[in-house]
DNA sequence: GCTAGTGCACTGGTCGGACCAGTAGGCTAC
DNA sequence: GTAGCCTACTGGTCCGACCAGTGCACTAGC
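This is the structure:
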């Protein structure tokens, strides 16, 4: 016999147990977004620890995007609705530390956006279709205002279109990843896009592409919508991706 | 005239500035994985803040997976190599808080794995091909040992196969996301898979599917490899996905 | 009566000091 | 030369204090 089986004890810091308890309360729904945590001074009583420990736990929870605290707020820390901020922060760190190339990010967007369109062509509601149409309409409108002022608005409308598609995919994870990766890519190429020599032509072509994508989604032709969406993204970003990385991107275009 | 343009000043907490500085040092390479941060007492001198503030900053950095500290370690906190742990934690939290369904997660895996195979069929090296072959061989071997002991090993080999494909895709982001999402899915269905009535048949079929996928990758037929990979994943998990969610998964199978 | 202004009680952010258990590496005794 | 102890230092935790900022109740004025 091997006698009683002892498990290795891992020493758990006090603040970690606080994090766990609060995290679980949030996940279980005992704490809902908008609700407030007790004040730090209350919490130190409830958890029977010092304020430093409570604060370290709150820092971790805040870093994970679960709560937010404001100085002077008499109601205590606020439980936040989920937002992909923490996810985005992790991924942005990843992009920098791990040295993700623009090519890899764009490639990832291509496959995400392509898949979103594939699903959206199947599952979209008429309302979502209208949202996409409206976004394209706004893109067209910005062209009238001249490219200078119009560029921010154009991007916003472009984002709105892709968000609508992602929502229509019916998969929240796709939706979130689309948002996260897009914000990183946009952060990387924003200045380069602003310096684009013939931005208006790019915008005009982008609108046409979006119209084609929408038509495919409307027709329920998922594979076509996916292919067009990938092509659209490729055309929009390929100029900023090092030539050596482009073949890998084009592999997604067939 | 509108006078001088004043910008809103955002009050930045002291610990946040510390986090920023250390983060930047890591990203810029001034601090490499394995290197040590000065001790908390040193840091409070360098940053001219109290130890509480230093510690709160370290908690945040630790929550982001950038450093690790051990009690009693005379060398100070250690700078960690990037690991997707933080990313995984965010996404796992997301999965629970946001109520991601198993269907959504599996669907996401299907599109990730499919895309990885599509790219791998184009870009794989012979060495990577050999890794995939070896993984399948290990899957076969576990069948001989009987399903009871073999199941852990089978899963490990399965994971190794998918990791090899993800690596062969040449996209680190795909690779990381595959890993993150897989671990979440596995965490959700581990117990249900263990209770599978006819596990051996499932494993046998899974091996055959993997062989087909590998053949397509070897032949360089990306679209076929992608479709087979998605089918493989569907077959493996569909039984655990609520029937209502399955049609959305099947949308990825054409 | 209702509003505008004021004060207060309390919040989170920061500080400094203190103690403890644990570690690593140098020192000593063999 | 090595085994074992010792010490200096670490991170984890606690305490008490101060500050600037906030929201609310209360009050003064209409």
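Protein chains in written order, with this note's numbering: chain Y, 932 to 1185; chain G, 932 to 1185. Don't be surprised by glycine CBs; every beta carbon is placed ideally from N, CA and C. Predicted, not measured: the structure shown is a model, and the values here were computed from it.
Boundaries of the alpha helix (DSSP H) in which residue i is found, first to last residue
i: residue 1163 of chain G; result: 1153–1168
i: residue 960 of chain Y; result: That residue, residue 960 of chain Y, is in no alpha helix (DSSP H); it is neither H nor E in DSSP.
i: residue 1039 of chain Y; result: 1033–1054
i: residue 1125 of chain G; result: 1103–1125
i: residue 1178 of chain G; result: 1177–1181
i: residue 1184 of chain G; result: That residue, residue 1184 of chain G, is in no alpha helix (DSSP H); it is neither H nor E in DSSP.
i: residue 1141 of chain Y; result: 1130–1150
i: residue 1062 of chain G; result: 1057–1075
i: residue 1017 of chain Y; result: 1016–1028
For residue i, the nearest candidate out of the options (CA to CA)
i: residue 1051 of chain G; options: G/1076, G/1033 and G/1100; result: G/1100
i: residue 1008 of chain Y; options: Y/1018, Y/1124 and Y/993; result: Y/993
i: residue 1089 of chain G; options: G/1117, G/1057 and G/1102; result: G/1117
i: residue 1025 of chain Y; options: G/1025, G/989, G/1037 and G/1017; result: G/1017
i: residue 985 of chain Y; options: Y/996, Y/995 and Y/973; result: Y/973
i: residue 1085 of chain Y; options: Y/1165, Y/989, Y/1094 and Y/1066; result: Y/1066
i: residue 1130 of chain G; options: G/1119, G/1142, G/1168 and G/1108; result: G/1168
i: residue 1133 of chain G; options: G/1149, G/1145 and G/1164; result: G/1164
i: residue 977 of chain Y; options: Y/952, Y/1122 and Y/1166; result: Y/952
i: residue 1093 of chain Y; options: Y/1083, Y/1113, Y/997 and Y/1104; result: Y/1113
i: residue 1039 of chain Y; options: G/943, G/964, G/1003 and G/1104; result: G/1104
i: residue 1013 of chain G; options: G/987, G/1145, G/997 and G/944; result: G/997
i: residue 946 of chain Y; options: Y/975, Y/964, Y/959 and Y/1146; result: Y/975
i: residue 1125 of chain Y; options: Y/943, Y/1083 and Y/988; result: Y/1083
i: residue 1002 of chain Y; options: G/1108, G/942, G/1109 and G/1107; result: G/942
i: residue 1187 of chain G; options: G/1119, G/1091 and G/1146; result: Nothing about residue 1187 of chain G can be reported from this structure: the residues present for chain G run from 932 to 1185 only.
i: residue 981 of chain Y; options: Y/959, Y/958, Y/1004 and Y/944; result: Y/944
Residue i Cβ short of 7 angstroms to the ligand MN heavy atom set
i: residue 1007 of chain Y; result: Among the ligands in the structure shown, none appear at all, so the ligand MN cannot be discussed.
Close-in-space but distant-in-sequence residues of the same chain around residue i (CB under 8 angstroms, 5 per side omitted)
i: residue 1161 of chain G; result: 1041, 1042, 1044, 1045, 1183 and 1184
i: residue 999 of chain G; result: 993, 1008, 1009 and 1011
i: residue 1111 of chain G; result: 1015, 1018, 1019 and 1022
i: residue 1148 of chain Y; result: 1048, 1051, 1052, 1055, 1060, 1063, 1096, 1099 and 1156
i: residue 956 of chain Y; result: 962
i: residue 1177 of chain G; result: 1034 and 1169
i: residue 1166 of chain Y; result: 1136, 1137 and 1140
Contact set for residue i: own chain, Cβ-Cβ below 6 angstroms, skip 5 residues either direction
i: residue 933 of chain G; result: Low confidence applies here, because residue 933 of chain G scores a pLDDT of 49, under 50, leaving its location unreliable; read the following figure in that light. So the list is empty, once near-sequence residues are dropped.
i: residue 1256 of chain G; result: As shown, chain G starts at 932 and ends at 1185. That puts residue 1256 of chain G outside it, with no answer to give.
i: residue 954 of chain G; result: none
i: residue 991 of chain Y; result: 950
i: residue 1151 of chain G; result: 1052
i: residue 995 of chain G; result: 1017
i: residue 1075 of chain G; result: none
i: residue 988 of chain Y; result: 946, 949 and 950
i: residue 1120 of chain G; result: 1171
Chain-order list of residues whose beta-carbon lies under 7 angstroms from that of residue i (same chain, five-residue window excluded)
i: residue 1172 of chain G; result: 1033, 1034, 1037 and 1180
i: residue 1174 of chain Y; result: none
i: residue 1102 of chain Y; result: 1050
i: residue 1143 of chain Y; result: 1159
i: residue 1123 of chain Y; result: 1171
i: residue 1108 of chain G; result: 1043
i: residue 1115 of chain Y; result: 1022, 1023, 1026 and 1036
i: residue 964 of chain Y; result: 1010, 1011 and 1012
Stretch-stretch touch, CB-based, cutoff 8 angstroms, three pairs: the region 1133–1140 of chain Y with the region 1061–1076 of chain Y: yes
Starting from the N-terminal side, write out each stretch of the alpha helix (DSSP H) that is 4 residues or longer and does not extend beyond the region 963–991 of chain Y. 971–977
Touching or not, the region 1149–1159 of chain Y and the region 1026–1037 of chain Y, by the rule of three or more beta carbon pairs under 8 angstroms? no
Should the region 962–978 of chain G be regarded as contacting the region 998–1008 of chain G, the criterion being three or more beta carbon pairs within less than 8 angstroms? yes
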